[in-house]
Amino acid sequence: MAVVPAELSNITIDNLPAELLREVMLRVPTPAALVHAAAVSKRWRGIITNRTGRFLDDYREHHQSSPLLGLYIPREFGGLPSFQKADSIQSAGDRDLDLQRPATKAFNLGGLESHPEWRLLDCYNGRLLLARGHDSLEVYNPLSCERIKVRLPQDGILPSYFSACLLQGHDDDAASFRVVSVQHDRRRRDRIVRAVEYDSCKKSWKDHPWDWETLKNIEGTQQGEMMHAGNFIFCKYTGTFLLLLDTRQMQFSALPLPTDNNWKHYAIGEMEDGVCCLASVDSAGIWNKKHLRVWKLEKLKWTMEKEMDMEQVLGKHAHGRFLFYKVHAVTNGIALLCSSMHQLHFVVDLKTFFVKDKFEFKDRAFPMQMPWPPAFSVATVSAEQSAPYTCVQEAITAAPTLVRAEECFDKEDNIPNDHDLEAQIPVQDSSLCVMGGFGGSERSNGSPHSSPCIWGELKLPPYIE
Numbered sequence: 001m002a003v004v005p006a007e008l009s010n011i012t013i014d015n016l017p018a019e020l021l022r023e024v025m026l027r028v029p030t031p032a033a034l035v036h037a038a039a040v041s042k043r044w045r046g047i048i049t050n051r052t053g054r055f056l057d058d059y060r061e062h063h064q065s066s067p068l069l070g071l072y073i074p075r076e077f078g079g080l081p082s083f084q085k086a087d088s089i090q091s092a093g094d095r096d097l098d099l100q101r102p103a104t105k106a107f108n109l110g111g112l113e114s115h116p117e118w119r120l121l122d123c124y125n126g127r128l129l130l131a132r133g134h135d136s137l138e139v140y141n142p143l144s145c146e147r148i149k150v151r152l153p154q155d156g157i158l159p160s161y162f163s164a165c166l167l168q169g170h171d172d173d174a175a176s177f178r179v180v181s182v183q184h185d186r187r188r189r190d191r192i193v194r195a196v197e198y199d200s201c202k203k204s205w206k207d208h209p210w211d212w213e214t215l216k217n218i219e220g221t222q223q224g225e226m227m228h229a230g231n232f233i234f235c236k237y238t239g240t241f242l243l244l245l246d247t248r249q250m251q252f253s254a255l256p257l258p259t260d261n262n263w264k265h266y267a268i269g270e271m272e273d274g275v276c277c278l279a280s281v282d283s284a285g286i287w288n289k290k291h292l293r294v295w296k297l298e299k300l301k302w303t304m305e306k307e308m309d310m311e312q313v314l315g316k317h318a319h320g321r322f323l324f325y326k327v328h329a330v331t332n333g334i335a336l337l338c339s340s341m342h343q344l345h346f347v348v349d350l351k352t353f354f355v356k357d358k359f360e361f362k363d364r365a366f367p368m369q370m371p372w373p374p375a376f377s378v379a380t381v382s383a384e385q386s387a388p389y390t391c392v393q394e395a396i397t398a399a400p401t402l403v404r405a406e407e408c409f410d411k412e413d414n415i416p417n418d419h420d421l422e423a424q425i426p427v428q429d430s431s432l433c434v435m436g437g438f439g440g441s442e443r444s445n446g447s448p449h450s451s452p453c454i455w456g457e458l459k460l461p462p463y464i465e
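Take the sequence shown: its letter number 182 is residue 182 in full-length UniProt numbering, and every next letter is one higher.
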């Protein structure tokens, strides 16, 4: 039996040096388990959320930070989208309950009532952007069932058919978001374009000025849906240029495509590190074999990152060289590839070029992944401090009562279940509030200090309870 050195004999998890505790936290297996760890104590949460220590960056290098839960598939004639779980989730063992639970919540869409006018517009970082008729939008988190209603403006600045992108807000608040729509119009012989933006911090829409020049440099007609990566939004055209919108300055520009890409075969999105990339399937070589290619956008120039024969990419899933392939979507380091055989789709990891999952469906789909980074800290606010129409669920306003532990015992074996136990306590410091979902409540003016934390709730996010 090994002898423990005297200087280590009195060390416990409570007085473990910070650098060793950080190494322990880096070995926590999943982001959901990381939220559990952050809820243990203020010291643990401080190590995990310390920005100067770059803990989350290091954690993401060692773990799959945004595993794929499945696909949302819009219905052809309207209504709530259907959800197909990823095979890897379906076959996951008991140790992967942290993924099975959120996948089940994503499948159920329990926080939304059925209605034929629902239309899925976008899915970004664990949140859905849905339109209901022509009057309103909703930003919905299926993992926590939080929903925020966004009223469309009444002054007619938006067309009857509305498409939009859901983006991160302008500040560092994980709860903030933007909805950006690119509007096209024609004035006599001129094609013009503008952006219309909703900012959740300001709770208002803004119609930006019309651009009369950029489309003069882009040939062809607009095709397909808008795509986005980071602060960029892209619109496809049948020519050799893309329309790019930089949402930081709300400025349009014409961006050339890498080589001669057919607009039907490529999609643009983000790598897992947030870098903008374009993935396409093109013919190459003397035999015109299909190749999957990935370009990264650096300083508004495309750089070839990787290329591989589609038969090598698909491996045992390949069915011959004469199949037609195209990239339907790119998001957070994965590409959704479509084949011409029985509506078969493949999810490919763009870093390894391995097939992660396969699905069968028709037309479009939106990949649903666990959000990153996890939401660790939020201050709850009273209903009077937030706009009355922005959140369907009311904020917690009453003083919490202590929950008796025996009321939370598992009824079958009378053993406490740590997923169900929660201690509700008054909190003076908002840093002690640990929640899931959007990462925060809506604030009246976007300032992190405009809505002080009156009561906090120390509990686990709904998707891992």
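Heads up, the beta-carbon is just placed ideally off N, CA and C, and yes, glycines get one too.
Just so we're clear, the structure is a prediction, and the values are computed from it rather than from any experiment.
For this session: Report yes or no: do three or more beta-carbon pairs, one from the region 319-339 and one from the region 273-282, lie closer than 8 Å?
Result: yes
Exercise. With 16 other CB atoms within 10 Å as the buried threshold, where does residue 110 fall?
Worked result: Stepping through the sequence shown from its first residue, residue 110 is reached at position 110. It counts as exposed.
Problem set entry | residue 168 - DSSP class collapsed to helix/strand/coil | Here residue 168 corresponds to residue number 168 of the sequence shown, with the count starting at 1. In this structure, residue 168 counts as strand in the three-state DSSP scheme.
For this session: Go ahead and pull the three-state DSSP assignment for residue 10.
Result: The residue labelled residue 10 in the question sits at position 10 within the sequence shown. Residue 10 falls in the coil class under three-state DSSP.
Problem set entry | Range of the contiguous alpha helix (DSSP H) that encloses residue 149 | Position 149 of the sequence shown, counted from the start, is the residue given in the question as residue 149. Where residue 149 is concerned, there is no enclosing alpha helix (DSSP H), although the beta strand (DSSP E) it sits in stretches over 146-151.
Problem set entry | Beta-bridge pairing of residue 369 - partner residues as DSSP gives them | As a first step, residue 369 is located in the sequence shown; it is residue number 369 there, counting from the start. Paired residues: 68.
For this session: Taking all protein chains shown into account, decide if residue 42 is buried (16 or more other Cβ within 10 angstroms of its Cβ) or exposed.
Result: Reading the sequence shown from its first residue, position 42 is the one you call residue 42. Its Cβ having fewer than 16 others within 10 Å, residue 42 is exposed.
Problem set entry | residue 127 classed as buried or exposed, judged by whether at least 16 other C-beta atoms fall within 10 angstroms | Mapped onto the sequence shown, residue 127 falls at position 127. In summary, residue 127 is buried, with 16 or more beta-carbon neighbours lying within 10 Å of its beta-carbon over all protein chains present.
For this session: Report buried or exposed for residue 11, applying the criterion of at least 16 other Cβ atoms within 10 angstroms of its Cβ.
Result: Here residue 11 is taken as the residue at index 11 of the sequence shown, counted from 1. Residue 11 comes out exposed.
For this session: Tell me whether residue 122 is buried or exposed, calling it buried when 16 or more other Cβ atoms sit within 10 Å of its Cβ.
Result: As a working note, residue 122 is residue 122 in the sequence shown. Buried is the call here.
Exercise. On the three-state DSSP scale, how would you describe residue 194?
Worked result: What you label residue 194 is simply residue 194 of the sequence shown in a count that begins at 1. Looking at residue 194 - three-state DSSP - the assignment turns out to be strand.
For this session: Using three-state DSSP, classify residue 205 as helix, strand or coil.
Result: As a first step, residue 205 is located in the sequence shown; it is residue number 205 there, counting from the start. Looking at residue 205 - three-state DSSP - the assignment turns out to be strand.
Exercise. Apart from the five residues just before and just after residue 365, which ones in its own chain have a Cβ nearer than 6 Å to its Cβ?
Worked result: The residue labelled residue 365 in the question sits at position 365 within the sequence shown. 71, 73, listed in sequence order.
Exercise. Who are the near neighbours of residue 357 in its chain, counting only those whose CB is closer than 8 Å to its CB and skipping five residues on each side?
Worked result: If you number the sequence shown from 1, residue 357 lands on position 357. Taken in chain order, the residues that qualify are 68, 86, 87, 88, 346, 347.
For this session: Report the partner residues of residue 331 according to the DSSP bridge assignment.
Result: Position 331 of the sequence shown, counted from the start, is the residue given in the question as residue 331. Note: residue 331 sits in a beta bridge opposite 334.
For this session: Spatial neighbours of residue 14 within its chain, please: CB distance less than 7 Å, with the 5 preceding and 5 following residues excluded, ordered by chain position.
Result: In the sequence shown, the residue the question calls residue 14 occupies position 14. Taken in chain order, the list of residues that qualify is empty.
Problem set entry | Minimum C-alpha distance to residue 148 - residue among 175, 134, 257 | Translated into the one-based positions of the sequence shown, residue 148 becomes position 148. Answer by Cα proximity: 175.
Exercise. Does the Cβ of residue 386 have 16 or more other Cβ atoms within 10 Å, making it buried, or fewer, making it exposed?
Worked result: Locating residue 386 in the sequence shown gives position 386, counting from the first residue. Below a pLDDT of 50, predicted positions are generally treated as unreliable, and residue 386, at 30, falls in that range; no measurement from the model is reported.
Problem set entry | Complete alpha helix (DSSP H) runs within the region 280-360 (minimum length 4 residues, chain order) | 310-314
Problem set entry | Backbone secondary structure at residue 22 - three-state DSSP | As a position in the sequence shown, residue 22 is number 22, starting the count at 1. It is helical.
For this session: Let me know if residue 105 comes out buried or exposed under the rule of 16 or more other beta-carbons within 10 Å of its beta-carbon.
Result: Translated into positions along the sequence shown, residue 105 becomes position 105. The residue is buried, with at least 16 neighbouring Cβ atoms inside 10 Å.
For this session: Output yes if chain C places a C-beta closer than 8 Å to the C-beta of residue 237; else output no.
Result: Looking for chain C here will not work: only one protein chain is present.
Problem set entry | Ordered list of alpha helix (DSSP H) runs contained in the region 49-137, each at least 4 residues | 55-62, 87-90, 97-108
Exercise. Hey, residue 221 and residue 193: beta-carbon distance below 8 Å or not?
Worked result: Position 221 of the sequence shown, counted from the first residue, corresponds to residue 221. Position 193 of the sequence shown, counted from the first residue, corresponds to residue 193. Taking 8 Å as the Cβ cut-off, residue 221 and residue 193 do not qualify as a contacting pair.
Exercise. What did DSSP end up calling residue 36 once you bin it into helix, strand or coil?
Worked result: Sequence index remark: in the sequence shown, residue 36 carries index 36 (1-based). Residue 36: helix per DSSP, three-state reduction.
Problem set entry | Selection from 81, 103, 82 that minimises the alpha carbon distance to residue 91 | Here residue 91 refers to the residue found at position 91 of the sequence shown. Answer by Cα proximity: 103.
Exercise. With distances taken from CA atoms, which of 19, 131, 343, 242 is nearest residue 302?
Worked result: Locating residue 302 in the sequence shown gives position 302, where the first residue counts as 1. When each option's Cα is compared against that of residue 302, the closest is 242.
For this session: Going by CA-CA distance only, name the one from 371, 359, 178, 372 that's closest to residue 83.
Result: Residue 83 sits at position 83 when you count from the first residue of the sequence shown. Ranking the options by Cα distance to residue 83, first place goes to 359.
Exercise. Can you tell me whether DSSP reads residue 27 as helix, strand or coil?
Worked result: Numbered from 1 along the sequence shown, position 27 holds the residue referred to as residue 27. Coil.
Problem set entry | Where residue 188 falls: helix, strand or coil (DSSP) | Along the sequence shown, one-based indexing puts residue 188 at 188. Residue 188 falls in the coil class under three-state DSSP.
Exercise. What does residue 236 pair with, by DSSP beta-bridge criteria?
Worked result: The sequence position of residue 236 within the sequence shown is 236, counting from 1. Per DSSP, 223.
Problem set entry | Close-in-space but distant-in-sequence residues of the same chain around residue 16 (CB under 7 Å, 5 per side omitted) | The sequence position of residue 16 within the sequence shown is 16, counting from 1. Here the set comprises nothing.
Problem set entry | Which listed residue (203, 237, 230, 227) has its alpha carbon closest to that of residue 219 | By one-based count along the sequence shown, residue 219 stands at place 219. Nearest of 203, 237, 230, 227 to residue 219, Cα basis: 237.
Exercise. Can you pull the DSSP bridge partners for residue 278?
Worked result: Along the sequence shown, read from residue 1 onward, the residue named residue 278 stands at position 278. Answer is 268, 295, bridged to residue 278.
Problem set entry | Extent of the continuous beta strand (DSSP E) to which residue 254 belongs | Against the sequence shown, residue 254 aligns to sequence position 254. Its beta strand (DSSP E) spans residues 251-256.
For this session: Using the Cα positions of residue 48 and residue 32, report the straight-line distance between them to the nearest angstrom.
Result: The count along the sequence shown starts at 1 and reaches residue 48 at position 48. The count along the sequence shown starts at 1 and reaches residue 32 at position 32. Here the alpha carbon of residue 48 sits roughly 13 Å from the alpha carbon of residue 32.
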